[in-house]
Amino acid sequence: MAGEVSKKIAHFEFITKEKNIYHPFVVFNNDAAIVSPEDIRRKWAIIAGRNRSRYISLYIHIPYCRNKKCNYCMYGSRIMKAQSELDCYLDYLNDTLEYFDTAFHGYEFANMHIGGGTPTLLDNSQLTRLFGLLAGRCSFRNNAMQTFEVSPSSVTRRKLATARGFGINRISIGAQSFNREALKQARRNYVPFENFEKLCGEIDGLGFETVNVDLIGGLPGDTPGEFRESFIKAASLGPSTITIYFFRFENSRYSKDVRSKAGYGWGEGAIRTFMDAVYDTAVTLDYVNESYSTERLYNVFARSDYVNRFEGYATRWEPGLSNSCFGVGIGARSFILDVVDIYDKGVHSLARYSFDEALKPENLSFGNTRYLVHFFDNRTRITNYFLREMYVNKSVSINSIKRIYKVDLTEYFREAFDVLSGLGKLSIENDRVSFVVKNEVEWGVYSKFFYDPETIERMTKSKPAERYISS
Ligand code: SF4
Numbered sequence: 061m062a063g064e065v066s067k068k069i070a071h072f073e074f075i076t077k078e079k080n081i082y083h084p085f086v087v088f089n090n091d092a093a094i095v096s097p098e099d100i101r102r103k104w105a106i107i108a109g110r111n112r113s114r115y116i117s118l119y120i121h122i123p124y125c126r127n128k129k130c131n132y133c134m135y136g137s138r139i140m141k142a143q144s145e146l147d148c149y150l151d152y153l154n155d156t157l158e159y160f161d162t163a164f165h166g167y168e169f170a171n172m173h174i175g176g177g178t179p180t181l182l183d184n185s186q187l188t189r190l191f192g193l194l195a196g197r198c199s200f201r202n203n204a205m206q207t208f209e210v211s212p213s214s215v216t217r218r219k220l221a222t223a224r225g226f227g228i229n230r231i232s233i234g235a236q237s238f239n240r241e242a243l244k245q246a247r248r249n250y251v252p253f254e255n256f257e258k259l260c261g262e263i264d265g266l267g268f269e270t271v272n273v274d275l276i277g278g279l280p281g282d283t284p285g286e287f288r289e290s291f292i293k294a295a296s297l298g299p300s301t302i303t304i305y306f307f308r309f310e311n312s313r314y315s316k317d318v319r320s321k322a323g324y325g326w327g328e329g330a331i332r333t334f335m336d337a338v339y340d341t342a343v344t345l346d347y348v349n350e351s352y353s354t355e356r357l358y359n360v361f362a363r364s365d366y367v368n369r370f371e372g373y374a375t376r377w378e379p380g381l382s383n384s385c386f387g388v389g390i391g392a393r394s395f396i397l398d399v400v401d402i403y404d405k406g407v408h409s410l411a412r413y414s415f416d417e418a419l420k421p422e423n424l425s426f427g428n429t430r431y432l433v434h435f436f437d438n439r440t441r442i443t444n445y446f447l448r449e450m451y452v453n454k455s456v457s458i459n460s461i462k463r464i465y466k467v468d469l470t471e472y473f474r475e476a477f478d479v480l481s482g483l484g485k486l487s488i489e490n491d492r493v494s495f496v497v498k499n500e501v502e503w504g505v506y507s508k509f510f511y512d513p514e515t516i517e518r519m520t521k522s523k524p525a526e527r528y529i530s531s
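61 is the number of the first residue of the sequence shown in my numbering; add one for each residue after it.
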């Protein structure tokens with residue numbers, strides 16, 4: 061028995077670290093199926109119609125990139141061969157929004173994120189068209205955060221002004237690194253720092269409320285010291301937030317040779333080194349990270365006058381918000397919290413799914429679109445709810461679960477409760493259950509004791525690209 065438990069712990073540690081699944085409830089569910097738009101529309105009509113105050117975000121996906129794919133990037137996109145391809149894609153977005161119009165009629169989205177790919181590849185008239193489509197079909201709450209991702213190599217003042225005119229109030233700049241060598245190894249174009257300064261001046265002048273700069277920690281060719289330099293440069297631009305994503309070799313395009321030469325693999329150690337390199341500097345530069353965690357996929361540093369105003373991304377699960385997300389565009393992920401995950405797969409007849417194929421102008425027809433969905437069964441729903449509460453509120457009331465799901469947790473999870481209590485990793489006091497863990501890796505490991513073997517098996521096999529299909 062003890063041997064079996066140790067084996068499980070080792071296996072769960074592997075899934076947690078190597079597969080990067082720390083919080084199974086965010087990414088995991090069961091029962092995949094291919095369904096028609098009609099089924100999806102019916103679901104959204106129920107969700108958006110039933111409770112107008114429910115928090116639903118809108119995500120618009122522009123899955124095109126210029127020239128070449130960056131080596132670190134795991135998102136699906138097509139290299140744009142002609143500007144006219146984006147006209148075809150806008151037709152597709154138009155048809156999608158038109159189709160779902162009845163489901164969201166009268167609903168006000170809580171926030172919006174336009175991401176990709178590279179949304180600023182749209183030229184100004186295409187951008188004007190996109191905002192026209194959105195203005196005609198979508199409504200937003202008064203305080204909605206509306207984000208536009210910009211790439212310094214393709215954004216112009218005119219495009220920014222168009223976005224501001226529509227009501228975009230948050231700009232997210234994909235800098236990733238200011239280290240020329242790291243960018244070279246990533247096959248990403250180097251943009252002189254003066255261009256970022258000019259861009260931020262224009263953003264300021266146009267009155268955007270919030271500016272974010274994205275950086276990636278741990279890129280091949282970068283060092284913790286150089287990463288600190290990138291952070292200092294990013295902070296000198298004065299953004300409201302700096303988001304640090306953590307590089308992972310898994311699913312990247314770097315060669316095996318680079319991987320072996322890099323001297324550090326993706327993992328807790330590398331992330332910690334890069335986070336440690338910037339943490340004190342961030343504080344002296346007046347950027348605060350209240351939830352410093354080396355195990356997350358990303359960390360957000362907020363300027364001290366901006367703390368608590370960060371609303372998160374459209375597709376991110378936000379504690380306490382019961383956030384659902386309607387994703388529009390090929391590769392976009394939608395989710396109805398605890399009910400279903402939905403991926404727009406475009407042309408469904410392709411034997412082997414490829415973004416590049418699905419995005420070819422001749423395949424872009426909403427009439428052919430099918431969605432890949434993952435439904436949540438009752439057990440997954442209860443498990444997800446239980447673990448999410450454990451994560452957010454640090455403990456769970458046995459009675460509250462009994463009230464909501466009509467199950468007695470101590471019976472329902474008897475085996476996991478016995479094993480973890482025996483290991484001293486779970487505490488049950490009166491009505492409340494909580495984990496006794498030292499860090500997020502342990503959290504990731506012991507939370508997996510609550511999933512059934514088939515679910516764990518699927519976690520072992522899942523690829524990040526399946527989970528992070530859109531940004
Ligand atoms: S990082 Fe951006 S530009 Fe580079 S491949 Fe990914 S989506 Fe394209």
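Where a beta carbon is used, it is the ideal one built from N, C-alpha and C, also for glycine.
query                                                                                                                                            : result
Suppose you measure from the CA of K321 to the CA of E517; what does that come to, to the nearest Å?                                             : 32 Å
From this set, E64, I100, K67, I75, which residue's C-alpha is nearest D401's C-alpha?                                                           : I100
Any idea if N459 is buried or exposed, counting beta-carbon neighbours within 10 angstroms, 16 or more meaning buried?                           : exposed
Rounded to the nearest angstrom, how far is the Cβ of A330 from that of G391, given a contact under 8 Å?                                         : 28 Å between Cβ atoms; not a contact.
If you measure from the CB of R218, is any heavy atom of the ligand SF4 nearer than 8 Å?                                                         : no
Using a 10 Å radius around the Cβ and a threshold of 16 neighbouring Cβ atoms, would you call V456 buried or exposed?                            : buried
Which residues in the same chain have their Cβ closer than 6 Å to the Cβ of T270, if we skip the five residues on either side of it in sequence? : R230, S300
Whose C-alpha, out of N154, R126, V318, is nearest the C-alpha of L181?                                                                          : R126
Verify the contact flag: K129, CB atom, against every heavy atom of the ligand SF4, threshold strictly below 8 Å.                                : yes
Can Q236 and Y132 be called in contact, C-beta distance under 9 Å?                                                                               : yes
Does F534 come out as helix, strand or coil in the three-state DSSP assignment?                                                                  : This structure does not reach residue 534, given that the chain is present from 61 up to 531, and the question cannot be answered.
Please classify F72 as buried or exposed, where buried requires at least 16 neighbouring CB atoms within 10 angstroms.                           : buried
Can you give the Cα-Cα distance for V360 and G234, rounded to whole angstroms?                                                                   : 14 Å
If you follow the alpha helix (DSSP H) that V479 is in, where does it begin and where does it stop?                                              : 474-482
Shortest alpha-carbon distance to L187 belongs to which of N171, S214, R201?                                                                     : S214
Which same chain residues, not among the five before or five after T162, have their C-beta less than 8 Å away from its C-beta?                   : R101, A105
Could you check which residue in I292, C198, A221 has the C-alpha nearest to that of F238?                                                       : I292
Just how far apart, CA to CA, sit A204 and Y115?                                                                                                 : 11 Å
CA-CA distance, V505 and A108?                                                                                                                   : 36 Å
Taking 8 Å as the threshold, find out whether the stretch 424-444 comes into contact with the stretch 508-516 through three or more Cβ pairs.    : yes
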